[in-house]
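The structure appears right after this line, and notes come after that.
There are 2 protein chains.
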Amino acid sequence: MPSAAHPVEPSADAGAAPAFSPLYQQIKALLVRSLQGSEWRPGEAIPSELELAARFKVSQGTVRKAIDELAAEGLLVRRQGKGTFVATHAEQTVQYRFLRLAPDEGATAPVERRVLDCRRLRAPAEVARALDLKSGEAAVLVRRLLSAQGRPVVLDDIWLPGALFKGLTAEKLSGWRGPMYELFESEFGVRMIRAEEQIRAVAADAATAQLLAVEPGAPLLSVERLSRTYGDKPVELRRGLYHTAQHHYRNELS
Amino acid sequence: MPSAAHPVEPSADAGAAPAFSPLYQQIKALLVRSLQGSEWRPGEAIPSELELAARFKVSQGTVRKAIDELAAEGLLVRRQGKGTFVATHAEQTVQYRFLRLAPDEGATAPVERRVLDCRRLRAPAEVARALDLKSGEAAVLVRRLLSAQGRPVVLDDIWLPGALFKGLTAEKLSGWRGPMYELFESEFGVRMIRAEEQIRAVAADAATAQLLAVEPGAPLLSVERLSRTYGDKPVELRRGLYHTAQHHYRNELS
DNA sequence: ACGCATTTGTTCGTATGTATT
DNA sequence: TAATACATACGAACAAATGCG
């Protein structure tokens, strides 16, 4: 068995990865493919390392390294003794994976959600550009309000590609218990795996002020999020306005 | 050679790690110790994997895993063919490791810095609490202004433990080219390795407004940072006020 | 300009430990 | 208790990048 450390020949199962990348990177790309193609769904276990090693004809260690990176990127979750699972926005234990807002004091109380609006319309230019839509293509706009202890804290405007979210209605959103991204996973097969945020301080306009129960002109945190799914494809543009009197956005640097 | 996977006996070089942790975790703790004790300084190379393996009497792979984690945490930097180096706030090439502010358009132009104040005084209660100081202990307060394209953007109030920063003066700060954290490393042996930030939107008070050249009451981003060194010891409390009209705070979620 | 030694990076194989069911 | 799956640890070999003579 001499050809251990050579790149695999682009023969049978040639993947999307450039042929001259390390084996484990190629395996990683193949795994992402299977995730993308819903071979394994969020929350499910993927095959064991040994099974995958057999399937791809590589050693367990190589599969391990591929999985290690996917786990580090948050696509997979390892659980000793149980298996390796596809990451999901469900459970995710403590809280919403992407929500970085925390109360200044006390534990993160559960938030109440109210859907203010949910409509289909043509994507404005800026939204179309961000979501890689053709100009004039359909988009869904969701507007919602998050409250903690009865006080409004977050006003979200959420833009989604219309083609991916056929049948998304205010009723469906309101009826859903649990994170919205969980609904997107289970109902529309869209999985948010990564996002970039741009944060600014802005002054509340009159309409916003009323919704968030603050004075017009009050400082608000503006959080613009572009969420991506597999292959870095953008699938959500979100603009949140956070009232940060009793809450803050937390971040860790390293 | 039967005793491969057993925890090392707490004999010769017993470390800080609990005796029942994986070998590579123990090695990791020993490496952190050496970093903490300045056996290797920022920017320097640590011994090669084989040397370390010999020193600790473990396999290269075990050292590798320890180094892998330290690299993932940002304490070390690996460079193929050259060695593994102690992370530093110097070079760090592109930009300041911890500064997340980016211009809305264009590349990150270099910022001009102006030190407004640098004085020693007793730490206020809140600062003392955050920095683990006894109440009334000495602290250094630095106030500075960052500008981009001639326009002020960031006003920083920086609190440091007086005991660690003896001899820090406005002159020393002003004379320094390069990141402030680089000065802290080289001059005071204090290395910031991790930080937590709490972000809010606030209204500019009169004094701040003048310094940042905005209207009083204008919305500003308030960024409170607690920086830590080895062993999670807090060594800096910083409060920055960012003018986010032409800039934003960027963040990545995953 | 070439080649060699060094150092990290990749890959395999094997055995054993530990958590879960 | 046994089987399964991930976690740890060892050893060995070759690849790729770097720096030096």
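If you read the sequences in order, they're chains L and V.
The first sequence begins at 0 in numbering that gives the first Met the number 0 and counts up by one.
The second sequence begins at 0 in numbering that gives the first Met the number 0 and counts up by one.
C-beta: ideal position from N, C-alpha, C; glycine also.
All values reported here derive from a predicted model rather than from experimental measurement.
{"query": "Would you mind working out which of R40(V), R193(V), A162(V), E136(V) sits nearest E125(V), comparing C-alpha positions?", "result": "E136(V)"}
{"query": "Since I believe R77(L) is in contact with R113(L) (beta carbons under 8 Å), could you give me their beta-carbon distance rounded to a whole number of angstroms?", "result": "The Cβ separation is near 37 Å, so there is no contact."}
{"query": "Drop a sphere of 10 angstroms on the beta-carbon of A106(V), count the other beta-carbons inside from all chains shown, and report buried for 16 or more, exposed for fewer.", "result": "exposed"}
{"query": "Tell me whether the stretch 191-201 of chain V and the stretch 232-250 of chain L touch, counting them as touching only if at least three CB pairs, one residue from each stretch, are closer than 8 Å.", "result": "yes"}
{"query": "Report yes or no: is there a C-beta of chain V within less than 7 Å of the C-beta of Y23(L)?", "result": "no"}
{"query": "Closest to E104(V) by C-alpha separation, out of V139(V), A147(V), V62(V), A206(V), would be which residue?", "result": "A147(V)"}
{"query": "Please go through the stretch 177-246 of chain L and give each complete alpha helix (DSSP H) segment of 4 or more residues, from N-terminal end onward.", "result": "179-187, 205-211"}
{"query": "Between which two residues does the alpha helix (DSSP H) containing I26(V) stretch?", "result": "22-35"}
{"query": "Counting along the chain, where does the beta strand (DSSP E) carrying D156(V) start and finish?", "result": "150-160"}
{"query": "Give the single residue among Y241(V), L240(V), R224(V) whose Cα lies nearest to the Cα of P233(V).", "result": "R224(V)"}
{"query": "Under the DSSP definition of a beta bridge, which residues are partnered with G82(L)?", "result": "R78(L)"}
{"query": "Please list, in chain order, the chain L residues whose beta carbon lies closer than 9 Å to that of G257(V).", "result": "What is shown of chain V runs 0 to 253, which leaves residue 257(V) out entirely."}
{"query": "So, helix, strand or coil for I45(V), using DSSP?", "result": "coil"}
{"query": "Taking a cut of 8 Å between CB atoms, which residues from the stretch 170-193 of chain V lie near chain L?", "result": "I192, R193"}
{"query": "Name the two residues that bound the continuous alpha helix (DSSP H) containing S173(L).", "result": "169-174"}
{"query": "With DSSP as the reference, label R249(V) as helix, strand or coil.", "result": "strand"}
{"query": "Note down the Cα distance separating L236(V) from V139(V), rounded to an integer number of angstroms.", "result": "10 Å"}
{"query": "Sort T228(L), F19(L), A169(L), V31(L) by Cα distance to L130(L) and report the nearest one.", "result": "T228(L)"}
{"query": "Would DSSP call D131(V) helix, strand or coil?", "result": "coil"}
{"query": "Could you tell me the alpha carbon to alpha carbon distance between Q209(V) and L220(L), rounded to whole angstroms?", "result": "22 Å"}
{"query": "Can you tell me where the beta strand (DSSP E) holding L144(V) begins and where it ends?", "result": "137-147"}
{"query": "If you follow the alpha helix (DSSP H) that E68(V) is part of, which residue opens it and which one closes it?", "result": "59-71"}
{"query": "Is it right to say A15(V) is buried, meaning 16 or more other beta carbons lie within 10 angstroms of its own, or is it exposed?", "result": "Residue confidence for A15(V) is low, a pLDDT of 39 falling below 50, so the modelled location carries little weight and cannot support an answer."}
{"query": "Could you tell me whether the stretch 17-33 of chain L touches the stretch 58-74 of chain L, using the rule of 3 or more Cβ pairs below 8 Å?", "result": "yes"}
{"query": "At a CB-CB cut-off below 7 Å, which residues of chain L make contact with Y95(V)?", "result": "Those do not exist, as Y95(V) stays about 11 Å from chain L at its closest Cβ, beyond 7 Å."}
{"query": "Quick one: grab the DSSP three-state call for E111(V).", "result": "strand"}
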